[in-house]
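S.K.:
Protein chains: 2
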Amino acid sequence: MKDKLTLMIPGPTPVPETVLRAMGRHPIGHRSGAFQASVARTTAQLKWLHQTSNDVLVITGSGTAAMEAGIINTLSRGDRVLCGDNGKFGERWVNLCQAYGLAVETIKAAWGQPLDPSAFQAVLEADTEKRIRAVILTHSETSTGVINDLEAIAGHVRAHGRALTLVDCVTSLGATTVPVDAWGLDVVASGSQKGYMIPPGLSFVSMSARAWEAHGRSDLPKFYLDLGPYRKSAARNSNPFTPAVNLYFALETALEMMQAEGLEAIFARHARHRAAAQAGMKALGVNLFSAEGCGSPAITAVDPGCDAEALRQLVKNKYDILLAGGQDHLKGRIFRIGHLGFVCDRDVLTAVAAIEGALLEMGVACVEAGAGVAAAARALNA
Amino acid sequence: MKDKLTLMIPGPTPVPETVLRAMGRHPIGHRSGAFQASVARTTAQLKWLHQTSNDVLVITGSGTAAMEAGIINTLSRGDRVLCGDNGKFGERWVNLCQAYGLAVETIKAAWGQPLDPSAFQAVLEADTEKRIRAVILTHSETSTGVINDLEAIAGHVRAHGRALTLVDCVTSLGATTVPVDAWGLDVVASGSQKGYMIPPGLSFVSMSARAWEAHGRSDLPKFYLDLGPYRKSAARNSNPFTPAVNLYFALETALEMMQAEGLEAIFARHARHRAAAQAGMKALGVNLFSAEGCGSPAITAVDPGCDAEALRQLVKNKYDILLAGGQDHLKGRIFRIGHLGFVCDRDVLTAVAAIEGALLEMGVACVEAGAGVAAAARALNA
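Protein sequences, first through last, are from chains S and A. Each residue of the first sequence is one higher than the one before, counting from 1 in UniProt numbering. Each residue of the second sequence is one higher than the one before, counting from 1 in UniProt numbering.
(1) Please identify, using Cβ separations under 7 Å, the residues of the segment 66-80 of chain A that lie next to chain S, in order along the chain.
(2) Check the Cβ-Cβ distances between residue 15/A and every residue of chain S, and say whether any is below 8 Å.
(3) If contact means a Cβ-Cβ distance below 9 Å, which residues of the segment 221-234 of chain A contact chain S?
(4) Here's a check: name, in chain order, each residue in its chain whose Cβ is nearer than 7 Å to the Cβ of residue 234/S, leaving out the five neighbours to either side.
(5) If the criterion is Cβ atoms closer than 8 Å, does the pair residue 343/A and residue 14/A meet it?
(6) Please state the DSSP three-state secondary structure of residue 103/A.
(7) Taking a Cβ distance cut-off of 8 Å, strictly less, list which residues of the segment 175-198 of chain S are near chain A, in chain order.
(8) Would you list the one or two residues that DSSP bridges to residue 80/A?
(9) Given that residue 23/A touches chain S, what residues does it touch there, using C-beta distances under 8 Å?
(10) Using 8 Å as the limit for Cβ to Cβ distance, is residue 99/S near chain A?
(11) The alpha helix (DSSP H) spanning residue 70/A covers which residue range?
(12) For the segment 27-54 of chain A, list every residue whose C-beta sits within 9 Å of some C-beta in chain S, in sequence order.
(13) Pairing CB atoms from the segment 3-17 of chain S with CB atoms from the segment 337-355 of chain S, are three or more of them under 8 Å?
(14) May I have a chain-ordered list of the beta strand (DSSP E) segments no shorter than 3 residues that lie completely inside the segment 119-176 of chain A?
(15) Could you pull the DSSP bridge partners for residue 336/S from this structure?
(16) In three-state DSSP terms, what is residue 197/A?
(17) Using a 10 Å radius around the Cβ and a threshold of 16 neighbouring Cβ atoms, would you call residue 194/S buried or exposed?
(18) Quick check on the DSSP output: the alpha helix (DSSP H) that includes residue 257/A runs from which residue to which?
(19) Which residue from 27/A, 214/A and 53/A puts its Cα closest to that of residue 17/S?
(20) Flag residue 140/S as yes if its beta-carbon sits less than 8 Å from any beta-carbon of chain A, otherwise no.
(21) Looking only at its own chain, which residues have a Cβ that is under 8 Å from the Cβ of residue 271/A, when we skip the five neighbours before and after it?
(22) Quick one: which residues of the segment 312-332 of chain S get their C-beta closer than 7 Å to a C-beta of chain A? List them in chain order.
(23) Within 8 Å (strictly less), CB to CB, does residue 145/S reach chain A?
(24) Buried or exposed: which applies to residue 222/S, given that a residue is buried once 16 or more other Cβ atoms fall within 10 Å of its Cβ?
(25) From the DSSP output, in three-state form, read off residue 287/S for me.
(26) Any idea what DSSP makes of residue 38/S, helix, strand or coil?
(27) Between which two residues does the alpha helix (DSSP H) holding residue 189/A run?
(28) Listed from N- to C-terminal order along the chain, which residues in the segment 349-366 of chain A have their beta-carbon within a distance smaller than 9 Å of any beta-carbon of chain S?
(29) Mind checking if residue 18/S is an interface residue toward chain A, Cβ cutoff 8 Å exclusive?
(30) With 8 Å as the threshold, decide whether the Cβ of residue 60/A is near any Cβ in chain S.
(31) Taking 8 Å as the threshold (beta carbon to beta carbon), is residue 334/A in contact with chain S?
(32) Just by C-beta distance, which residues in the segment 276-307 of chain S are closer than 9 Å to chain A?
(33) Over the uninterrupted beta strand (DSSP E) stretch that includes residue 203/S, give me the two end residues.
(34) When DSSP labels each residue in this structure, what does residue 355/A get in the three-state scheme?
(35) Got a sec? Which residues, its chain only, sit under 7 Å from residue 104/S by beta carbon, not counting five neighbours each side?
(36) How would you list, in chain order, the residues of chain S whose beta-carbon sits under 7 Å from the beta-carbon of residue 90/A?
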C-alpha cells in the first residue's frame, strides 16, 4: 500500500511528524543569531543525552564520518590500537584504522557473540610499556544485534591509564545508557537517523579533555573532519562549514521530545521492546542470532531457519513493515527487527504479529498461531 | 516580522515550497528499491546539470567535503599543484592542499580582481618536465563576487597535457554554464544550498576518466571521502554510507524544476539578475567591489562607502531581507547581494529597493530616491 510502509530497520528510523514539520521550514542563514541560538540549545541537549560535560560536536555527514573524525583527531601514523571486532561495524573500525596506517591489533568474537572484556584486560595488562594508544569498539553491533559490555571494557582501559577509549555508539546512544563521563569514554560517535529520531545527515562526536590533548599531538592529515575548528566554532555556537540547517531544526525538536520523555523512560522503553521482540521470536520457535543475554536494545537479529529474505519480502509486501536483512555472509540467513528511536509498544507488537503471520504462511512456525503475539504482549506488560 | 525574512545570501539560498514538501516526507530505507530508483533519477539529472558523461557522486557533507574529496582522491603526498587564490575560497583550496602535504604554488589576485589566465599559461608552459599535477581554482569566488575565467584557464591546463583541473563550482553551478566535458574539467565540486535550491547537507563531485586514473595512483589516506566506494555503489544506484535521504527527495524535486526551466533559461535569469543588481547599485552611486566585467552571476559584492554592517542590519530589520556581510578583512566594508538559485526578478528589484531605502535613511546615497530601482527595472526588462 503506497506510503504505508513502516520502518523497523536500525536506520533510518521512524521520524515523528513534529520533527518532520520542524525540518520542513525554510532554511535560515547559518551565521545568523537565530541559528546560533539553536546551536546553543542543541549543544546543551546533546550533552544531556551523552551524560557528559565534554564537548559534543555536530558534523554534517554519516555516522562513519563521526567514526573517522574520532580516529584522525586523536591518533598518529603508526600508533598501536586495539580494536574489538564482532561484526560489520567492528570490521569498519579495523578498515578505517588501516586506511590511516595505524598498527591494529584485533580482539575478535564470532558474529552473534559479544566481545570478551577479559580479552581486552589481558592485552592491556600485558602492555606494561603503555604502547597502546587507543581501544576502539562498537557498543551496539548493528549487524548482529549484539550489545558489547562497554562499561567493563572501558574500565580496563582506564586501568591501563594511557590508552583512549573510542566507541561507536551509533545504535546505542538514545537506546541505552551511555554515561560518557561516568565510564570515561574519550570519543563517542553517533548518527542522526538512529536513537535521535531524525533523518540521516548529521553525526556527532564527543571529545574528552584527554581526547583533545591527543588532538594536539595527532599528525594524521584532515580538513573537513578536523575537530579543532569545530570546537573553536562551537564556542561561539557556530560551525566551521555550512551545516545541514534543516536537520538542526529537526534535531532540536527531537531532543526536546526526548527530554520530555526522560532518559530513564527512553531506556526502559527500549529494554521493554527488546524483551518483547525476543519473547515473541522465542515463542515462535525461531532462534535469536545474538547470544543469550547480550541482545541489543536497538535491534533483534533473528535466525528463522528459513529463507530470511523471502520472509522479509512477505512482511514488507503483505504487512507494510520494512525489516532489515542480514549483511555480508548473513544475507538470506537472518533478518533484523529494528526497535530503535521513535518506536512504541504497538509497533513491536505488530512486527511480531506480522512475522508470525509470515512464518505461518511459509510453513515454518513450529508453534500455534498467536503464540508470538501473546508472548510479546506479556513481555510488554511485565 | 517573524518568519518573513528572505534570504539573499550566497547560501543557504531560498528553497521552493515544492522542494520543502518533498523533503518533509517520512524517510525510506536507503537500501530499498524505491530509494535506488530515486538515486538513478538524480544521477541522470546531475549529469545533465554538469553537462557531462562523467560520474557525478553525491556526498553527505558541505561543499568543503566535496573540495577535499577532489584533492585526496586525485593527488599524492608531495605532489606539485598550482592554486588560484583571489578570495576566501581560493585561500581554502591552499589551506586544504597544505593540510595534505602538497607542494602548493599560488597564483594570486587581489580580492575583487579576477585571476589572470595568462599567469596560469606562463607557469604551465614553463613546466616542460610536466611536474604540475593539478591546477586548482574557484570558479565563482563567493567572498568577493568575482567570476574567474575558468574556460580560459582550463584551456591552458589542457595544453599542458599532464595536470588535472580541479574546480570549486559551489556558487557557479546552476548559475552559469559549467560545461564539464567541453571544458575538460576533471573534478568539479559543488554544494546543495546554492544553485541546487535545496537546504545544505549534500555536496557533489564530478570525476573525469583522467581523475579516476589519478585516483588509482593517489596515496593520500581517506575513508569517508574515498570516492572509490561511492563509484562502486553508484553503479548499483546506492551509496557506501547512509546518505541524507530526505535531502535526496529535495534534490530530485529541485532538479526536476530546473529541468523544466531549462539550462539556458536558468543561466539567462542569473545573468539578468546580475545586470539588475549591478545597474541598481551603480545608479545609487555606490561602488561594486568586483572589478568591471567580472561580476559573478550568483552574487554582487558592494562597497557602499559607509558601515556595511549597519546597512545590512537596517535592510534586515526594516525590510526583512538578509544580505551577506563581508568576510575576514572585508567585514564592515562590503555587503553582498545573493541572487543565486530560486530567485525571481521581484526578489532582485525589492533588494535594490531596500538597499536604496537604507542608503537614503543612512544619508549615504548621492542620487535621488528611485534611481536604483529604476535602473534595476530597466536592466530586468532589457
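All C-beta atoms in this analysis are idealised placements derived from N, C-alpha and C, irrespective of residue type, glycine included. Since the model is a prediction, treat every value here as computed from it, not as a measurement.
M.R.: Reading it off the structure:
(1) 68
(2) yes
(3) 221, 222, 223, 224, 225 and 226
(4) 43, 55 and 57
(5) yes
(6) strand
(7) 191 and 193
(8) 103/A and 132/A
(9) 23, 24 and 246
(10) yes
(11) 63-74
(12) 27, 28, 29, 30, 31, 32 and 34
(13) yes
(14) 132-138 and 164-168
(15) 301/S and 324/S
(16) coil
(17) buried
(18) 245-261
(19) 27/A
(20) no
(21) 176 and 297
(22) 322
(23) no
(24) buried
(25) strand
(26) helix
(27) That residue, residue 189/A, is in no alpha helix (DSSP H); its beta strand (DSSP E) goes 187-191.
(28) none
(29) no
(30) yes
(31) no
(32) none
(33) 202-207
(34) helix
(35) 81, 83, 94, 97 and 98
(36) Result: empty, since nearest Cβ-Cβ is about 15 Å, beyond 7 Å.
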